[in-house]
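In the numbering used here, the protein residues as written are 1360 to 1963. Each residue gets a CB set at the ideal place from its N, CA and C atoms; glycine is no exception.
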């Protein structure tokens, strides 16, 4: 496109709607500008005249503030028979489009964007100007995440006649409840809209999606939704920020947009606590069963040890000391102390109950897992310091043993402690995750796995294998407000999980041809499958031998479970779950690249 309009050369059309917008060049200065054409001069259009009037009012009121995050019309008039207004050109996309294309940004990025818009709103409010349309469609975001609020429609105390209808479903997504009752909109309404925008940035959707009637009903009658319930990657502390920002009573909201932004920034540092007291074990997929207090596995026909504590027959036959059983379930007369560690909370079961504990020597809080010796590789048990050669292995998304303390037939394995919830708990709570949510959780752990598989050990061998990757081995936590996944229990399993739902067939049928790193990759793909569907790739029948289940049941293609999963993503997962050695995706690095290309359209 290369049309001329007066001194402006129109370069490209930016958007169509009630009025068209163009990127243009001012031929007298060479500057790029945005032109909005409001219709022919010879046509009577009350809407066009009102837009021009409001743009002049806002420019007159707000230009003196010098607020850098406000974009205002700097020229309004007529040219070559067209009504128009001119604004500085911002090389970016509107927030609405950004959310539609890419989904919600990280919480930290969302807070960064909202903070800039808050500054623009507060600057406007110092002049008694109130913007009528504060929504993602009026926010421009550059590649560097600089955000601008387009100031075009206004309602001010000095110009009440400028108020009027804005037709469009998305407008109602962000409108304060009092706006439906009176045209006299005040600053708290803009702050309500900003809280709605924060919610949209955190979740990828407006607070009350649906028809206009559903939107209006939501704003007028429903409680503010919780962003952490819609997006598991959002810290729960944001729920209170959104709730106050979207309060029905304008006087109950934040007194300024800056205070709303500050509260959102503070929520970034909040960490969820989902630990349960000792004895109250987390739910599992077999939540109707009782867990063994020693190994964490479901007790089908167990015995009771002591005061009603359950222990499976395998652990009883291994000679688990009754005193240790009583201590593990806790609650009998004060603090529970084992081998110099005071147990604070039980945090998981799985391959052995894990506890949040405090060292009596250093005061440091750590995680303490009780692992049967039979689950540890014999070569590790034979070393003077089991797991000592893992001391140099460090990765932001991997948790490895620091020490192992022998107690009878068990090892107390000491690792870092990270509060949060497992992926299994997350899926049980939400049902399933979106593709972007699930892949964003898996990719960092795949990176950790790739690094571990190439890590040089002290004994001269290469590679740390996990061998037991299941949804209980992913811990979702927060660091600086950003969601972080940790892959726990690296380096001490002697064989892959006995859970047939997450065991590849070659490990059972052809173990010599199934390298441990290939098993790890298969299990990572199986966990991703579980995150997306809420079910594992193969379902174990109750009472059947796990090996028989693995050998007789093939992984179900993922789109048979959920047709909404994009075909490129499904193809990657199905290829990684091929139940044959040396076929399909065999290593973590290959799976990483394939997922990035399928989800994001690129390898990086």
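query                                                                                                                                                                           : result
Can you give, in chain order, each stretch of the alpha helix (DSSP H) that sits fully within the segment 1765-1795 and has at least 4 residues?                                : 1782-1789
Buried or exposed for residue 1514, going by 16 or more other Cβ atoms inside 10 Å?                                                                                             : Low per-residue confidence applies at residue 1514: pLDDT is 44, beneath 50, and the placement is therefore not dependable enough to give any value.
Check whether the segment 1936-1954 and the segment 1781-1791 touch, using three or more Cβ-Cβ pairs below 8 Å as the test.                                                     : no
When every heavy atom of the ligand PLP is checked, does at least one fall within less than 8 Å of the C-beta of residue 1715?                                                  : This structure simply doesn't include the ligand PLP, nor any ligand for that matter.
Residues bridged to residue 1731 by DSSP?                                                                                                                                       : 1769
Report yes if the C-beta distance between residue 1473 and residue 1553 is below 9 Å; otherwise report no.                                                                      : yes
So, residue 1616 versus residue 1481, is the Cβ gap smaller than 9 Å?                                                                                                           : yes
Hey, is the segment 1381-1399 in contact with the segment 1453-1473, meaning 3+ C-beta pairs nearer than 8 Å?                                                                   : no
Taking the alpha carbon of residue 1530 as the reference point, which residue from 1545, 1828, 1549 has its own alpha carbon closest?                                           : 1549
Please classify residue 1817 as buried or exposed, where buried requires at least 16 neighbouring CB atoms within 10 angstroms.                                                 : exposed
Tell me where the alpha helix (DSSP H) around residue 1548 begins and ends.                                                                                                     : 1546-1562
What does a CB cutoff of less than 6 Å around residue 1822 pick up in its chain, not counting 5 residues either side in sequence?                                               : 1812
So, using beta-carbon positions, are residue 1886 and residue 1829 closer together than 9 Å?                                                                                    : yes
Where do the ends of the beta strand (DSSP E) carrying residue 1716 lie?                                                                                                        : 1713-1718
Consult DSSP for residue 1531 and reduce its assignment to one of helix, strand or coil.                                                                                        : helix
Return the bridge partner residues of residue 1453 from the DSSP annotation.                                                                                                    : 1499
For residue 1551 and residue 1604, which I take to be in contact (beta-carbon distance under 8 Å), what is that distance rounded to the nearest angstrom?                       : 7 Å
Where does residue 1810 sit, in a helix, a strand or coil, going by DSSP?                                                                                                       : helix
Can you list, in chain order, the residues of its chain whose CB lies under 7 Å from that of residue 1385, leaving out five sequence neighbours each side?                      : 1366, 1367, 1392
Who are the Cβ neighbours of residue 1929 in its own chain at under 8 Å, not counting the five residues just before and after it?                                               : 1916, 1917, 1918
Cα separation between residue 1695 and residue 1720?                                                                                                                            : 15 Å
Tell me, which residues are paired with residue 1379 by DSSP?                                                                                                                   : 1396
Classify residue 1898: buried if its beta carbon has 16 or more other beta carbons within 10 angstroms, exposed otherwise.                                                      : exposed
Leaving out five residues on either side along the sequence, give the residues of the same chain with a beta carbon under 8 Å from the beta carbon of residue 1565.             : 1529, 1532, 1533, 1555, 1558, 1559, 1574
When the Cα atoms are used, what is the spatial distance from residue 1761 to residue 1778?                                                                                     : 18 Å
Can you list, in chain order, the residues of its chain with a C-beta nearer than 8 Å to that of residue 1415? Leave out the 5 residues immediately preceding and following it. : 1432, 1435
Within 10 Å of its beta-carbon, does residue 1419 have 16 or more other beta-carbons around it, so buried, or fewer, so exposed?                                                : exposed
Measure the alpha-carbon distance for residue 1475 versus residue 1500 and round it to whole angstroms.                                                                         : 10 Å
How would you call residue 1960, buried or exposed, if buried means at least 16 neighbouring beta carbons within 10 angstroms?                                                  : exposed
Buried or exposed: which applies to residue 1950, given that a residue is buried once 16 or more other Cβ atoms fall within 10 Å of its Cβ?                                     : buried
Helix, strand or coil: which one does DSSP assign to residue 1941?                                                                                                              : coil
When you compare each of 1849, 1484, 1847, 1463 to residue 1495 by their alpha carbons, which one comes out closest?                                                            : 1463
Give, in chain order, every unbroken run of the beta strand (DSSP E) that is at least 3 residues long and sits entirely within the segment 1400-1483.                           : 1429-1431, 1434-1438, 1441-1447, 1451-1453
If you draw a straight line from the alpha carbon of residue 1798 to that of residue 1814, how long is it in whole angstroms?                                                   : 24 Å
Out of 1424, 1724, 1841, state which residue places its alpha-carbon closest to the alpha-carbon of residue 1593.                                                               : 1841
In three-state terms, what does DSSP make of residue 1877?                                                                                                                      : helix
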